[in-house]
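Protein chains: 2
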Amino acid sequence: VSDRKARAIGGFPEFSPSIRATELHWIDTIRSVFESYGYCNIETPAVEELATLRAKGDDADREIYQLTRPGREESLDSRLGLHFDLTVPLARYVALHYNSILFPFKRYQIQRVWRGERPQEGRFREFTQCDIDVIGHESLANEFEVELLEAAIDALSHLGIGDVSFQLSNRKILEGFLRCLGTENAEGCVRVIDKISKIGIEGASRELHRNGLNPQQIDRCIRFATTTAEIDSFHKLTDALGYGSELIDSGMRELEETMRRLSPFAPSGVSISADFSIARGLNYYTGTIFEGRLTEYPEFPTICAGGRYENLLETFARRPLPGVGISIGLTRLFTKAIAVGWAVPLRPSPTELMLTIDDESNADRLRELARDFRRRGINAEVCFGSPILERQLRYADRRGIPYVWLYCSRTATHRVRDMNDSSEKAGDPTTWKPERKHSHRAASF
Amino acid sequence: VSDRKARAIGGFPEFSPSIRATELHWIDTIRSVFESYGYCNIETPAVEELATLRAKGDDADREIYQLTRPGREESLDSRLGLHFDLTVPLARYVALHYNSILFPFKRYQIQRVWRGERPQEGRFREFTQCDIDVIGHESLANEFEVELLEAAIDALSHLGIGDVSFQLSNRKILEGFLRCLGTENAEGCVRVIDKISKIGIEGASRELHRNGLNPQQIDRCIRFATTTAEIDSFHKLTDALGYGSELIDSGMRELEETMRRLSPFAPSGVSISADFSIARGLNYYTGTIFEGRLTEYPEFPTICAGGRYENLLETFARRPLPGVGISIGLTRLFTKAIAVGWAVPLRPSPTELMLTIDDESNADRLRELARDFRRRGINAEVCFGSPILERQLRYADRRGIPYVWLYCSRTATHRVRDMNDSSEKAGDPTTWKPERKHSHRAASF
Numbered sequence: 115v116s117d118r119k120a121r122a123i124g125g126f127p128e129f130s131p132s133i134r135a136t137e138l139h140w141i142d143t144i145r146s147v148f149e150s151y152g153y154c155n156i157e158t159p160a161v162e163e164l165a166t167l168r169a170k171g172d173d174a175d176r177e178i179y180q181l182t183r184p185g186r187e188e189s190l191d192s193r194l195g196l197h198f199d200l201t202v203p204l205a206r207y208v209a210l211h212y213n214s215i216l217f218p219f220k221r222y223q224i225q226r227v228w229r230g231e232r233p234q235e236g237r238f239r240e241f242t243q244c245d246i247d248v249i250g251h252e253s254l255a256n257e258f259e260v261e262l263l264e265a266a267i268d269a270l271s272h273l274g275i276g277d278v279s280f281q282l283s284n285r286k287i288l289e290g291f292l293r294c295l296g297t298e299n300a301e302g303c304v305r306v307i308d309k310i311s312k313i314g315i316e317g318a319s320r321e322l323h324r325n326g327l328n329p330q331q332i333d334r335c336i337r338f339a340t341t342t343a344e345i346d347s348f349h350k351l352t353d354a355l356g357y358g359s360e361l362i363d364s365g366m367r368e369l370e371e372t373m374r375r376l377s378p379f380a381p382s383g384v385s386i387s388a389d390f391s392i393a394r395g396l397n398y399y400t401g402t403i404f405e406g407r408l409t410e411y412p413e414f415p416t417i418c419a420g421g422r423y424e425n426l427l428e429t430f431a432r433r434p435l436p437g438v439g440i441s442i443g444l445t446r447l448f449t450k451a452i453a454v455g456w457a458v459p460l461r462p463s464p465t466e467l468m469l470t471i472d473d474e475s476n477a478d479r480l481r482e483l484a485r486d487f488r489r490r491g492i493n494a495e496v497c498f499g500s501p502i503l504e505r506q507l508r509y510a511d512r513r514g515i516p517y518v519w520l521y522c523s524r525t526a527t528h529r530v531r532d533m534n535d536s537s538e539k540a541g542d543p544t545t546w547k548p549e550r551k552h553s554h555r556a557a558s559f
Numbered sequence: 115v116s117d118r119k120a121r122a123i124g125g126f127p128e129f130s131p132s133i134r135a136t137e138l139h140w141i142d143t144i145r146s147v148f149e150s151y152g153y154c155n156i157e158t159p160a161v162e163e164l165a166t167l168r169a170k171g172d173d174a175d176r177e178i179y180q181l182t183r184p185g186r187e188e189s190l191d192s193r194l195g196l197h198f199d200l201t202v203p204l205a206r207y208v209a210l211h212y213n214s215i216l217f218p219f220k221r222y223q224i225q226r227v228w229r230g231e232r233p234q235e236g237r238f239r240e241f242t243q244c245d246i247d248v249i250g251h252e253s254l255a256n257e258f259e260v261e262l263l264e265a266a267i268d269a270l271s272h273l274g275i276g277d278v279s280f281q282l283s284n285r286k287i288l289e290g291f292l293r294c295l296g297t298e299n300a301e302g303c304v305r306v307i308d309k310i311s312k313i314g315i316e317g318a319s320r321e322l323h324r325n326g327l328n329p330q331q332i333d334r335c336i337r338f339a340t341t342t343a344e345i346d347s348f349h350k351l352t353d354a355l356g357y358g359s360e361l362i363d364s365g366m367r368e369l370e371e372t373m374r375r376l377s378p379f380a381p382s383g384v385s386i387s388a389d390f391s392i393a394r395g396l397n398y399y400t401g402t403i404f405e406g407r408l409t410e411y412p413e414f415p416t417i418c419a420g421g422r423y424e425n426l427l428e429t430f431a432r433r434p435l436p437g438v439g440i441s442i443g444l445t446r447l448f449t450k451a452i453a454v455g456w457a458v459p460l461r462p463s464p465t466e467l468m469l470t471i472d473d474e475s476n477a478d479r480l481r482e483l484a485r486d487f488r489r490r491g492i493n494a495e496v497c498f499g500s501p502i503l504e505r506q507l508r509y510a511d512r513r514g515i516p517y518v519w520l521y522c523s524r525t526a527t528h529r530v531r532d533m534n535d536s537s538e539k540a541g542d543p544t545t546w547k548p549e550r551k552h553s554h555r556a557a558s559f
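This is the structure:
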């Protein structure tokens with residue numbers, strides 16, 4: 115038996131019961147909203163084959179946690195890794211269950227993912243993502259992009275967080291622009307465009323120069339990457355672009371339509387604008403792309419992101435399936451919400467009614483009483499362990515338990531104490547109900 | 115881009131949306147029951163330091179999945195492993211948050227665990243466990259054992275599974291018996307006693323002989339390990355034991371009291387008996403120990419197990435904290451319940467009302483209509499993608515969606531179709547509600 119000190123592991127967050135209760139309420143809320151739009155839930159294993167995880171490119175390798183079995187020879191297990199997102203598992207899931215899946219396949223998935231990143235604010239090694247995707251068979255109406263964004267915005271607006279800014283763009287515009295630009299290093303350009311808000315115009319200019327662009331190209335790139343517009347000033351975008359092409363026009367039409375359809379569904383606190391600097395590193399996006407950020411914290415990483423793709427199953431030998439998806443970074447958003455006070459810890463105990471025990475010989479009687487309360491939908495526990503009333507009341511108080519049942523075995527009388535104002539009155543155990551709704555979780559919306 | 119076939123990974127189960135919906139309903143049910151007894155929820159990271167995981171002994175090593183980062187030098191990360199149960203993480207959690215935890219600490223935890231076992235019926239490499247424990251500070255009333263067993267039985271009886279047999283024993287009886295027996299190989303004896311139901315009396319006799327026991331000792335061991343009794347025949351146990359000692363008497367008193375107090379709370383379908391063959395391999399149990407099995411499938415592994423321990427934090431430098439806990443093997447039980455029909459797949463879609471679309475130009479109007487239904491608590495989706503009514507009805511039918519909303523843009527009339535009997539009638543979108551409750555999940559109890 116070793117004698118060690120327990121340590122927290124950096125990047126692997128863990129919450130107190132009070133904060134976990136709040137997180138659970140968030141997850142329940144997101145679940146309810148996603149289901150209200152007709153999305154079903156799936157879960158996939160924590161692991162995928164390394165070949166599946168690596169299909170997206172070598173870049174991803176560095177973040178993958180691989181599984182090994184100490185003291186065992188290399189075996190099948192050594193070819194497994196923890197998933198780093200929920201999109202790769204979705205693609206594998208759809209490929210594996212292709213014949214039984216009903217298309218369009220509307221699914222949400224709330225699971226932990228793992229990335230071997232250096233931990234910093236908003237970046238963890240283990241975190242929960244809430245993904246919602248719809249996968250069409252052969253085709254997928256653009257309407258689904260709007261539905262999905264609406265569902266994500268709806269979910270976010272139920273969480274009581276601060277204002278959120280959604281930036282939308284369309285990969286066709288970016289692609290068309292890059293073609294017109296005539297650079298041989300399109301990939302490098304995208305990387306710079308993607309991070310212009312981080313590195314600024316000067317930094318971006320330098321990097322574009324390093325990527326081989328001439329001054330005119332750099333100028334156009336900067337103009338492109340700093341172009342934003344609300345839906346009511348959308349017509350300005352074409353001028354700002356500096357180029358025109360069929361591909362660009364098609365992307366612009368899609369972007370405008372999505373924004374126009376989405377705008378009426380944005381609640382107050384959610385702004386939606388076009389922003390050409392949105393590029394999304396992942397190369398499978400083909401149409402609408404979007405990111406959501408906390409308006410008050412523009413430096414904070416994106417809290418959700420996604421887009422349209424034409425080929426979810428590119429790594430598997432199936433016909434292409436078009437889809438659109440969005441991922442909410444739950445852990446990132448939740449820890450921020452706790453830190454800034456948008457979310458508050460709930461009571462550390464789900465108990466609504468604590469039954470005191472004045473004599474150990476009454477334990478069975480009180481156990482039965484508690485059981486009857488539970489049957490009537492009241493979370494009830496007996497305070498076993500100490501016959502001293504004061505200590506029992508302290509137990510209830512420290513846990514935020516709103517009501518205490520006082521059964522006196524000598525007189526066989528029942529009283530109930532409201533811990534809010536310490537008032538007491540006679541109670542009938544067969545009919546009593548909490549006066550105030552003191553659910554462990556906030557009331558459902 | 116590789117061209118591969120998607121494969122299932124043995125031992126890592128994955129369900130269809132219909133079966134996942136049922137599993138989610140099970141988890142919600144267990145959550146509700148545990149919370150109704152005042153247990154709070156926590157989650158711990160999927161990983162612990164290898165030193166923490168290994169503190170239980172070398173035996174466990176073989177099942178641990180260790181994390182590595184391919185292409186990286188050995189670093190801190192290489193000292194992490196996936197947890198193989200939820201007890202070790204609980205001990206580390208309590209040690210780490212010792213100063214902020216309210217004792218007695220009543221917590222439940224529903225999470226996946228990983229073991230590198232060979233997959234077989236009821237044994238997976240990734241599976242979900244539902245653990246419920248109460249940890250006392252310095253002392254813990256025996257009442258909590260009863261409460262915890264009651265909560266576990268209550269949860270199981272809400273799942274609609276077949277009969278469950280609970281076998282109880284007490285480590286003090288086993289320990290006292292082994293001392294009286296006078297063997298030098300107590301550990302070997304426990305291992306044989308633990309598996310006598312699997313290997314039979316003859317097999318057990320052979321193994322005990324191999325462990326160095328003489329014929330008289332073997333005879334007593336077999337008698338001991340085959341001793342069972344219901345609460346009403348409990349007095350017979352003392353005779354069957356063949357030995358008497360203070361330790362044995364103390365264990366017998368505790369066992370009888372726990373059984374006597376628990377019996378009134380066992381619903382029909384749940385039997386509770388004393389069984390001295392229950393040993394539980396883990397060496398930290400010190401008092402009451404118990405196992406639950408499916409009565410109809412005695413060969414099937416235990417569906418839940420647990421017991422009383424005096425020293426949760428033995429691997430950490432803290433004072434001993436006594437506790438009692440039980441773990442329900444959710445994945446094992448759930449897959450069996452699906453296989454034998456105790457649990458049935460739910461509808462693959464959570465949608466209660468599907469809105470048909472007769473003209474693409476109405477998309478925004480219908481989107482708004484769906485939104486109003488959602489606001490009134492009805493899960494509603496618009497059937498985008500095809501304007502053909504027949505295909506839309508087929509969409510609803512295949513997903514088990516109970517109601518379809520038919521909006522005719524030409525006449526601006528609303529009709530609602532009951533998919534159960536294909537009947538249609540006029541509907542008012544501002545007041546309509548489902549006649550039957552068609553929740554995705556079964557109604558809460």
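Protein chains in written order, with my numbering: chain A, 115 to 559; chain B, 115 to 559.
Even glycine gets a Cβ: it sits at the ideal position worked out from N, Cα and C.
Query                                                                                                                            : Result
Closer than 8 Å at the beta carbon, the chain A residues around H211 of chain B                                                  : S130
Neighbourhood of T445 of chain A by C-beta distance below 7 Å, restricted to the same chain and skipping five residues each side : P127, F238, F241, T242
Given T544 of chain B as reference, the closest of B:E538, B:D511, B:R485 once Cα atoms are compared                             : B:R485
Residues near T297 of chain B in its chain [Cβ-Cβ closer than 8 Å; skip 5 each side]                                             : C303, N325, G326, L327, Q331
Rounded distance between the beta-carbons of E495 of chain A and M468 of chain A, thought under 8 Å                              : 6 Å
Segment limits, alpha helix (DSSP H) that includes Y521 of chain B                                                               : It is not in any alpha helix (DSSP H) - Y521 of chain B instead sits in the beta strand (DSSP E) that spans 517–522.
Burial state of E368 of chain B (16 or more Cβ within 10 Å)                                                                      : buried
Bridge partners - C154 of chain A, DSSP secondary structure assignment                                                           : A:R221
Backbone CA spacing between R555 of chain B and I515 of chain B [nearest angstrom]                                               : Reliability fails at R555 of chain B, whose pLDDT of 48 lies under 50, so the model's placement of it is uncertain and no value is given.
Meets three-Cβ-pair contact criterion under 8 Å: the region 144–160 of chain B and the region 214–228 of chain B                 : yes
Neighbour flag for D478 of chain A against chain B, beta carbons, 8 Å                                                            : yes
Collapsed DSSP secondary structure at F198 of chain A in the structure displayed                                                 : coil
Within-8 Å CB hit, W546 of chain B to chain A                                                                                    : no
Same chain only: Cβ atoms within 6 Å of I254 of chain A, ignoring 5 sequence neighbours per side                                 : The amino acid at residue 254 of chain A is misidentified as Ile; the sequence shows Leu. Counting only Cβ-Cβ distances below 6 Å, and skipping sequence neighbours, we find P436.
Interfacial residues, the region 205–232 of chain A to chain B, with Cβ spacing under 9 Å                                        : A205, R206, Y207, V208, A209, L210, H211, Y212, S214, I215, L216, P218, F219, K220, R221, R226, W228, G230
Contact set for V115 of chain B: own chain, Cβ-Cβ below 6 Å, skip 5 residues either direction                                    : Any reading at V115 of chain B is ruled out, since the residue's pLDDT is 39, under 50, leaving its predicted position unreliable.
Chain-ordered residues of the region 149–161 of chain A with a beta carbon less than 8 Å from chain B                            : E149, S150, Y151, G152, Y153, C154, N155, I156, E157, T158, P159, A160, V161
Residue environment, C522 of chain A, which counts as buried when at least 16 other CB atoms sit within 10 Å                     : exposed
7 Å CB neighbourhood of A343 of chain B in its chain, flanking five on each side removed                                         : K350, L351, S387, A388
6 Å Cβ shell around F559 of chain B - same chain, five flanking residues per side excluded                                       : Low per-residue confidence applies at F559 of chain B: pLDDT is 30, beneath 50, and the placement is therefore not dependable enough to give any value.
Local conformation of L427 of chain B per DSSP, three classes                                                                    : coil
Q180 of chain B at chain A interface by Cβ criterion, 8 Å                                                                        : yes
Residue from B:V438, B:A510, B:I403, B:I442 whose Cα sits closest to the Cα of T416 of chain B                                   : B:I442
The region 275–289 of chain A / the region 406–413 of chain A touching (three or more Cβ pairs under 8 Å)                        : yes
Member of A:G401, A:R479, A:L376, A:T340 whose CA lies at the smallest distance from the CA of M366 of chain A                   : A:G401
Residue environment, I267 of chain B, which counts as buried when at least 16 other CB atoms sit within 10 Å                     : buried
Contacting residues, own chain, Cβ-Cβ under 6 Å from F430 of chain A (five flanking each side not counted)                       : A209
Straight-line Cα distance separating G125 of chain A from Q234 of chain A                                                        : 8 Å
Nearest residue (CA-CA) to L507 of chain B, options B:H197, B:A477, B:I123, B:T470                                               : B:T470
E504 of chain B at chain A interface by Cβ criterion, 8 Å                                                                        : no
Cα-Cα separation between E157 of chain A and D535 of chain A, rounded to whole angstroms                                         : 45 Å
I133 of chain B to V306 of chain A span [Cα, whole Å]                                                                            : 45 Å
Nearest-angstrom Cα separation, counted from I440 of chain B out to N425 of chain B                                              : 15 Å
As assigned by DSSP and simplified to three states, the class of Y509 of chain B                                                 : helix
Nearest-angstrom Cα separation, counted from I141 of chain B out to A135 of chain B                                              : 10 Å
For S576 of chain B: DSSP bridge partner residues                                                                                : Chain B is shown from 115 up to 559; residue 576 of chain B falls before or after that span and cannot be answered.
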